[in-house]
Ligand code: RUQ
Ligand code: CUA
Ligand code: CA
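Next up, the structure:
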């Protein structure tokens, strides 16, 4: 036995003690649970472990990472791209937030994409997932949900920008989000978490038993809502199978409670399984209603419906994760120390009423306290985060099934301390058929003593773990800003990005159409169009100058500045900032971007380029001359 595994054993002993102390139901105030070891106590052991790992987190200067990591930005409302294994942050993609660097939420193009929610300045992104073909990433889109404002969004992976945002009608708080894996991502599956009255008009607020929520199928190409399914209980997380026939969601509030204690009463809540073929057939046959807020087909999937089945699962289950082979899915118990393993090929029989709901469960085994999410290595092993225990538990699925059937096998292979209180975790390519068992990222909600203190607000700690060998090895700590809920790790071979914008890019097609209607060729013209008190200023840019040194408007004019960056050189992004007007935006090579604002101040108003583009970047500026009203 090596020194390292001896120390691991000591750690498990300590955790045993801690477990006794807290007991199995002492979960409230879990965030206050003390750290199992201090950072210093861990330093020596961690160093030794990292040094021994087969896969290193070290990427030398100038070297490229092997994987793209897509991180949700939580209540920052964005998505971030990290390089794996270096854990370097490569890019931020503003989605539901406002971003002053790129002008996301300020520019006309981004407002068009935000559509009916353009007035919302905040969001809470949780679950990024890439579109798939036959259970494999296809590099086309990354989808993300906004719990805060009940939206789903799509990011185009060729330019890594948001290109569609849809507000889901008739419900509140989209939490769980996944894609259909097979045959391809036709649907996004989106869980509305909170139960509400219908219609929600203030006249039936006391009818709590009458509240319900909806499971949503969103067309991945049009981003329109295809159908909504009324369910019993609420909806937490979701995943799909590898046949394309089923999606399934966890529910922590089968009680239909509106308070904390009420939602913890039942020993079991459930997993609800959706039969996609039957849903599509029912929609086709016109067997739906519509709700006040929209014309989206709404179907009843409550208990007794043909469209769904409800499988009891202990207790306030959280994550639901399909294993890469597609044979099993794992629900994570949260308030129960167990995970529940479903055998997915039993779902056909369940829907044909040949077996009972619980007959689809092939194992329900204890792992530790507060299981939240499970990831897989593609070799039959699973990695489950234990929030209360501050550990990742590696276990073998087949062995868990044997143990559940009474055989005397040890299904738990290793427990690794993580720092501290993990929520999601994700393995490289682990939610696809291509799971490669190389890296595991564990996303910790608390950093505590891991980093230099930065005041009362701490970063989180995203840890990288080498899972290629028999033992998990912690190889990197990565502080992150609020609050990556979830991430996904995609091999770089799956992603092809553009170096320059295509001049026909749909992102700015609306702006080009406006220019055409104004008789302006944005490639060549520097021109002002006056249309009553609306003024459209079209200019080009080539480092280090705008095509226009100055332009004149009247106080009270609504000014739209449209800039086309004619630079053809990769990386020469310009900006446009109108001083004292709250106006900023990015114009990358070959991009057209526009922003609209009121010229409400008379006199000389300077504008300048705010993306460093040239030795004479400071000199890239001009004047807006505003004639007083
Ligand atoms: S949830 S910590 Cu928003 Cu993904 Cu599980
Ligand atoms: Cu153009 Cu800086
Ligand atoms: Ca419950």
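Numbering (the numbering used here), first residue to last: 466 to 1094. Glycine residues also receive a C-beta, built at the ideal position from the N, C-alpha and C atoms. What you are looking at is a predicted structure, and each value in this text was computed from that prediction instead of being measured.
Buried or exposed (CB count within 10 angstroms, at least 16 for buried), residue i
| i | result |
| --- | --- |
| residue 626 | buried |
| residue 853 | buried |
| residue 880 | buried |
| residue 1069 | exposed |
| residue 1065 | exposed |
| residue 673 | exposed |
| residue 910 | buried |
| residue 988 | exposed |
| residue 856 | buried |
| residue 1081 | exposed |
| residue 557 | buried |
| residue 918 | exposed |
| residue 982 | exposed |
| residue 873 | exposed |
| residue 1084 | exposed |
| residue 621 | buried |
| residue 838 | buried |
| residue 754 | exposed |
First and last residue of the uninterrupted beta strand (DSSP E) at residue i
| i | result |
| --- | --- |
| residue 813 | Element bounds for residue 813: not the beta strand (DSSP E) but the alpha helix (DSSP H), 812-816. |
| residue 1004 | 999-1007 |
| residue 1069 | 1068-1073 |
| residue 1043 | 1039-1043 |
| residue 1083 | Residue 1083 -> no beta strand (DSSP E), and no H or E assigned at all. |
| residue 757 | Where residue 757 is concerned, there is no enclosing beta strand (DSSP E), given that its DSSP letter is neither H nor E. |
| residue 819 | Careful: residue 819 lies outside any beta strand (DSSP E) and carries neither H nor E. |
| residue 975 | From DSSP, residue 975 is part of no beta strand (DSSP E) but of the alpha helix (DSSP H) over 974-982. |
| residue 933 | No beta strand (DSSP E) contains residue 933, which DSSP labels as neither H nor E. |
| residue 793 | 793-797 |
| residue 1033 | Neither: residue 1033 is in no beta strand (DSSP E) and is coded neither H nor E. |
| residue 618 | 616-621 |
| residue 1049 | 1048-1052 |
| residue 1055 | Taken as a continuous stretch (DSSP letters only), residue 1055 belongs to no beta strand (DSSP E), as it is neither H nor E. |
| residue 837 | 836-841 |
| residue 831 | 826-831 |
| residue 995 | 992-996 |
| residue 960 | Premise fails: residue 960 is in no beta strand (DSSP E) and is neither H nor E. |
Residue span of the alpha helix (DSSP H) that contains residue i, given as start and end
| i | result |
| --- | --- |
| residue 432 | As displayed, the chain neither begins before 466 nor continues past 1094, which places residue 432 out of reach and without an answer. |
| residue 743 | 741-749 |
Check: residue i C-beta below 7 Å from any heavy atom of ligand 1
| i | result |
| --- | --- |
| residue 1014 | no |
| residue 702 | yes |
| residue 888 | yes |
| residue 837 | yes |
| residue 951 | yes |
| residue 584 | no |
For residue i, the residue or residues it bridges with in DSSP
| i | result |
| --- | --- |
| residue 949 | In DSSP, residue 949 forms no bridge with anything. |
| residue 1091 | 1018 and 1068 |
| residue 601 | 598 |
| residue 736 | 715 and 776 |
| residue 1063 | 1023 |
| residue 943 | 927 |
| residue 610 | 617 |
beta-carbon residue i near ligand 3 non-hydrogen atom, thresh 7 Å
| i | result |
| --- | --- |
| residue 731 | yes |
| residue 1022 | no |
| residue 626 | no |
| residue 517 | no |
| residue 691 | no |
| residue 520 | no |
| residue 880 | no |
| residue 658 | no |
| residue 768 | no |
| residue 718 | yes |
| residue 780 | yes |
| residue 714 | no |
| residue 565 | no |
| residue 728 | yes |
Check: residue i C-beta below 7 Å from any heavy atom of ligand 2
| i | result |
| --- | --- |
| residue 1040 | yes |
| residue 1050 | no |
| residue 662 | no |
| residue 1085 | yes |
| residue 1067 | no |
| residue 1009 | yes |
| residue 1071 | no |
message: I'd like the ranges of any alpha helix (DSSP H) spanning at least 4 consecutive residues and lying wholly in the stretch 630-717.
response: Qualifying alpha helix (DSSP H) stretches: none in this window.
message: Quick check on the DSSP output: what are the complete alpha helix (DSSP H) runs of length 4 or more inside the stretch 529-597, in order along the chain?
response: DSSP runs (the alpha helix (DSSP H)) wholly in the stretch 529-597: 573-579.
task: Could you pull out every unbroken alpha helix (DSSP H) segment of at least 4 residues lying fully inside the stretch 850-929, listed in chain order?
output: Within the stretch 850-929, the alpha helix (DSSP H) runs of at least 4 residues that lie entirely inside it are, in chain order, 862-869.
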